Structure formats: C-alpha cells, structure tokens
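Quick note, the sequences are listed as chains A and B, same order.
Counting in numbering that gives the first Met the number 0, the first sequence runs from 0 upward without gaps.
Counting in numbering that gives the first Met the number 0, the second sequence runs from 0 upward without gaps.
There are 2 protein chains.
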Amino acid sequence: MNYIADDIVCDTPGGRLEGADAYRGGFLGPFVQILTGAQMIAAFGDDQTALVMYDTQTVPVKSAPGAECVTVTDGKITYSRFVFDRAPFEAARNAPT
Amino acid sequence: MNYIADDIVCDTPGGRLEGADAYRGGFLGPFVQILTGAQMIAAFGDDQTALVMYDTQTVPVKSAPGAECVTVTDGKITYSRFVFDRAPFEAARNAPT
C-alpha cells in the first residue's frame, strides 16, 4: 500500500471506490485472500500512466485475467481503472455446494 | 479486418476463438451491432505487442470498458487476449422487459 495515495479513486467493475481504506478493504484485501497465483501478460507505461494486463489464479476461479490502468502523481497511484470479468466469480458463488 | 491474421487466436471471457471467421462472427460482428460509442483510455505497445484499454457505450450496457493485449506478427494480429466484464451484459439479458 506504499504506492497508494490516501485519496485514490478506483473505478472497478462493481463501481467506484474512493480513498485508500475503501481500496484496501473493498477490493485489494478480499482479493488477496483468494489469490493463489499471478502472471504478468504485458506491462507498459510512461511518466504518469501504467497499463498492465495479467492473469490470476484464485480459489473460486482458475483463470481470472484483469487489466489496470493507473495514474501516478508524485510517486503515488491516484487513480486506477480496473477491468475484469465478474461473471465466473458470480457463477462460482451461485454454484451448488 | 485487414489487420487480422487468418489464423488469429483470441482468448475472450467466454472462451477461445480460433480463426478470422470465428473472430468476426463470434465476437467482432455482434459487438459492433450494439456499439454506440468508444473512447480510448490508454494505448501502449512495442514492435510485437499492443496493450489498450478503452471504454465503450453499448445499447444494453452504458459503460463497458475493455482491455486487449494483441500480438502482431508480420503486420497482422495473430493473438488477442481480451478482458471485459460480462456481468452487466448478463444482467441486461436477464432483466425483465
């Protein structure tokens, strides 16, 4: 979380998160708990923007690729646009146990 | 379709498409029919890879951002990894009319 600005704004498939606490509690923390592996697919950027795509393996979903476009200001991520497919997570949640 | 290799492989949220016909018929064609607008969020690349993120507006889903990582060989796209959130499209499809 060292690179996350206190006032980060993150647009996720589920909606906007505002502030580092929301980013950590509503997004990063829960995801890290189910994350079992990750591989970078591509990463590019310039002075103020980074664009990455990666594949992840999670407990409920075997392959869950995602992409993030982040804006960096004064060395901190101030804005993040995050794209991933929620459908397989919803299917896993609704699957009979 | 000038830049699409005949043997393109495209990994989409719904699975793998193989060949230009599958790419056009199973993915690009149906999407273009519902597309009403698009804005590039970020685009980077090098000699053989392009990574882009964009937002789109579609008939069923107002904001449908996506990301693509494509591999270019001999001037043609031979591989595409495509990430977007299917959940709002599924919700729109299942909504009462």
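Virtual Cβ for every residue (Gly too), placed ideally from N, Cα, C.
In this text the structure is predicted, and so the values were computed from the model without any measurement.
Counting other Cβ atoms within 10 Å of its Cβ, Val-82 (chain B) reaches 16 or more and is therefore classed as buried.
For Met-52 (chain B), the chain A residues whose Cβ falls inside 8 Å of its Cβ are Leu-50, Ala-66, Cys-68, Arg-80, Val-82, in order along the chain.
The contact set of Ala-86 (chain B) on chain A, defined by CB atoms closer than 7 Å, consists of Pro-12, Arg-85, Ala-86, Glu-89 in chain order.
Residues of the stretch 26 to 37 of chain B with a Cβ closer than 7 Å to any Cβ of chain A: none.
Against chain B, the beta carbon of Ile-40 (chain A) has neighbours under 7 Å at Cys-68, Arg-80, listed in chain order. Ser-79 (chain B) sits close to Val-69 (chain B), with the two beta carbons spaced by under 8 Å.
Counting along the chain, Arg-92 (chain B) sits inside the alpha helix (DSSP H) bounded by residues 86 to 93.
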